[in-house]
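Here the structure is laid out as structure tokens; the discussion comes afterwards.
Residue numbers (this note's numbering): 139 to 579.
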């Protein structure tokens, strides 16, 4: 198994060498033209309207059936005192206005309030084009973000306290890392388990990620991750996977992508064996006005067939962004699911893109739960024998580069309740609409 004890010694050998090299560079004479200090600002506002997203029951007025406004402000500084030496510090302030739900991140799906806090603070030594190490609080995003992502949709997006070693050649690169995810705490300094000595979870996430363009028309990735936790009976399991994604410009408009992962080890004191896969193909008319693209895809993730047999079959979704892939209403994670989908998009101009997606959802096993995008809450209590057809969702989205520094995103989604909901309680459709403005400087 991929163990933390094997990754940390590798990093401990490499990082001091880079630190020594970085120190030598920093001690050299730096001319004003070589030293740079830059600042950046991002301000984002998003208005949301949600109806029946939580309970799919129009006869009950849930706290989440509401309209609210989300704000996010980021201020960052990047200092390069010398070649091969970079320091990044970023603060973030995230707020939720006008909602009735608790403004605590994660409760009842709330984005919540997280007053100005440290989002990133890391030192990078070496050159990312060859060999580098980054140490401190930082983003991690691999592949499309199905397993590890910065989670850009979330107001308090995801970062990690991590040590990461990066090596790159002409056609491939490799990352080796060990980390702990940072958790948002309202009114407190956001910490990971590395910093919080009193946390019983003691979670550590480590891995290897290899990517190559040796096959000219596609990116090919291979990865191995380990997640270790010490609460709830203990967890220590490995995720092994591969991802391939084609470039439509090199295949006369055709594209394809696949990602498959297996998991084995121990989850909450039980044996874990799970699998998930994503397969998609599409065609984009590159020489036609508006450049329409039509694509189909299928997503699958295993569920658990028997909660009492001492084994776990539910795929563990790790640290993803599920919002982008399994319907924008966020009622599904990459867990216990069958999800065929059709995607269509057009580009009326270089600054505007319109998308229309249609998803169908089934539970892979009704002896397991229907997991929301947050992976922690169920849409309904587990009901063996219920229909496995959960429903379908239609998503419309408009992306507009309105100005040089201003992006606009707007959309509407509707979830159509399926027989599973009829078999388990209320079965009403759900609606979601939003408008988001992002200013970057």
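C-beta: ideal position from N, C-alpha, C; glycine also.
These numbers come from a predicted model, not from an experiment.
Residue i: which of the options sits nearest, CA to CA?
{"i": "residue 271", "options": "304, 347, 206, 387", "result": "304"}
{"i": "residue 192", "options": "549, 557, 470", "result": "470"}
{"i": "residue 390", "options": "280, 424, 362", "result": "424"}
{"i": "residue 174", "options": "462, 467, 224", "result": "224"}
{"i": "residue 490", "options": "283, 544, 531", "result": "544"}
{"i": "residue 532", "options": "554, 538, 285", "result": "554"}
{"i": "residue 318", "options": "278, 352, 356", "result": "278"}
{"i": "residue 312", "options": "280, 477, 579", "result": "280"}
{"i": "residue 267", "options": "539, 450, 237, 306", "result": "306"}
{"i": "residue 399", "options": "409, 414, 393", "result": "414"}
{"i": "residue 420", "options": "393, 518, 442", "result": "393"}
{"i": "residue 364", "options": "275, 316, 480, 565", "result": "316"}
{"i": "residue 401", "options": "218, 552, 285, 564", "result": "285"}
In or out: residue i buried (at least 16 other Cβ within 10 Å) or exposed?
{"i": "residue 444", "result": "exposed"}
{"i": "residue 143", "result": "No answer about residue 143 holds up, because its pLDDT of 41 lies below 50 and its placement is not dependable."}
{"i": "residue 387", "result": "exposed"}
{"i": "residue 486", "result": "exposed"}
{"i": "residue 205", "result": "exposed"}
{"i": "residue 166", "result": "In this predicted model, residue 166 has a pLDDT of only 38, less than 50, meaning its place in the structure is not dependable; the value taken from the coordinates is given anyway. That one is exposed."}
{"i": "residue 562", "result": "buried"}
{"i": "residue 447", "result": "exposed"}
{"i": "residue 416", "result": "buried"}
{"i": "residue 327", "result": "exposed"}
{"i": "residue 153", "result": "Caution applies to residue 153, whose pLDDT of 41 falls short of 50 and renders its modelled position unreliable; the model cannot decide the point."}
{"i": "residue 514", "result": "exposed"}
{"i": "residue 310", "result": "exposed"}
{"i": "residue 162", "result": "Low confidence applies to residue 162: its pLDDT is 43, below 50, so where it sits in the model is not reliable, and the reading given next is rough at best. Exposed: under 16 other Cβ atoms inside 10 Å."}
{"i": "residue 458", "result": "buried"}
{"i": "residue 440", "result": "buried"}
{"i": "residue 488", "result": "exposed"}
{"i": "residue 479", "result": "buried"}
Between which two residues does the beta strand (DSSP E) containing residue i stretch?
{"i": "residue 558", "result": "Premise fails: residue 558 lies in the alpha helix (DSSP H), 557-562, not in any beta strand (DSSP E)."}
{"i": "residue 301", "result": "298-306"}
{"i": "residue 219", "result": "204-220"}
{"i": "residue 431", "result": "431-439"}
{"i": "residue 228", "result": "223-235"}
{"i": "residue 359", "result": "356-367"}
{"i": "residue 274", "result": "269-276"}
{"i": "residue 351", "result": "Note, residue 351: premise wrong, no beta strand (DSSP E); not H, not E."}
{"i": "residue 567", "result": "It is not in any beta strand (DSSP E) - residue 567 carries neither H nor E in the DSSP assignment."}
{"i": "residue 321", "result": "That residue, residue 321, is in no beta strand (DSSP E); it is neither H nor E in DSSP."}
{"i": "residue 294", "result": "Where residue 294 is concerned, there is no enclosing beta strand (DSSP E), given that its DSSP letter is neither H nor E."}
{"i": "residue 378", "result": "373-384"}
{"i": "residue 287", "result": "Per DSSP, residue 287 belongs to no beta strand (DSSP E) and is neither H nor E."}
{"i": "residue 263", "result": "252-264"}
{"i": "residue 185", "result": "174-189"}
Can you tell me whether residue i sits near the ligand FAD, meaning its C-beta is under 7 Å from at least one heavy atom of the ligand?
{"i": "residue 542", "result": "Looking for the ligand FAD in the displayed structure turns up nothing, as the structure carries no ligands at all."}
Ordered list of beta strand (DSSP E) runs contained in the stretch 398-425, each at least 3 residues:
408-422
Is it true that the stretch 244-259 meets the stretch 423-437, where meeting means three or more beta-carbon pairs spaced less than 8 Å apart?
Not touching, per the Cβ criterion.
Taking 8 Å as the threshold, find out whether the stretch 505-522 comes into contact with the stretch 482-497 through three or more Cβ pairs.
These segments do not touch.
Count Cβ pairs between the stretch 277-297 and the stretch 226-237 that sit closer than 8 Å; are there 3 or more?
At 8 Å Cβ cutoff, the stretches touch.
Does the stretch 367-385 come close enough to the stretch 233-248 to have 3 or more Cβ pairs within less than 8 Å?
no
Completely contained beta strand (DSSP E) runs for the stretch 466-495, where each covers 3 or more residues
475-487
How about the stretch 339-347 and the stretch 297-313: do they share at least three Cβ pairs that are nearer than 8 Å?
yes
Would you list, in sequence order, the uninterrupted beta strand (DSSP E) runs of no fewer than 3 residues that lie entirely inside the stretch 496-561?
Positions of the beta strand (DSSP E) runs, each at least 3 residues long and wholly inside the stretch 496-561, are given as 527-541, 544-555 in order along the chain.
Any contact of the stretch 176-187 with the stretch 205-215, i.e. 3+ C-beta pairs under 8 Å?
Segments in contact, yes.
For the stretch 517-534 against the stretch 543-558, do three or more pairs of beta-carbon atoms, one drawn from each stretch, fall closer than 8 Å, so that the two count as touching?
yes
Do three or more CB pairs link the stretch 567-576 to the stretch 547-556 at distances below 8 Å?
yes
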